[in-house]
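Read in order, the letters of the sequence shown are residues 138 to 213 in the numbering used here. Beta carbons are placed, not taken as given, at the ideal position from N, Cα and C, and that holds for glycine. First comes the structure, then the notes that go with it.
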Amino acid sequence: MVLTTLRQEWAQRVAAFQASGQSAPDWCAQHQVNLRQLHYWKRKFAADAAGSSPTQWMSLPITPPAPEPSMSVRIV
């Protein structure tokens, strides 16, 4: 599958960058890699490694606010 190949490619690139000891802009310029893409994949792999789970939604009961007491003004 194309996505798996792309993911593997970026895993290799991110590993190579991290092993290089270079700054991200320098490494990207040397390897003709887009800096934003490198940062994107670094974050993606870091989240995967941290074991982030998919978002889970839950429902919360909502109770309507109590009506405010009516106020009257008497002008004399």
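- Inter-residue distance for S157 and K179 is about 14 angstroms (C-alpha atoms, whole angstroms).
- Less than 8 angstroms separates the beta-carbon of V170 from that of R150.
- Non-local beta-carbon contacts of A148 in its own chain, meaning distances under 7 angstroms to residues more than five positions away in sequence, involve F182 in chain order.
- Within the segment 163–205, the complete alpha helix (DSSP H) segments of 4 residues or longer fall at 172–186, listed in chain order.
- In the three-state reduction of the DSSP assignment, S157 falls in the helix class, which pools H, G and I.
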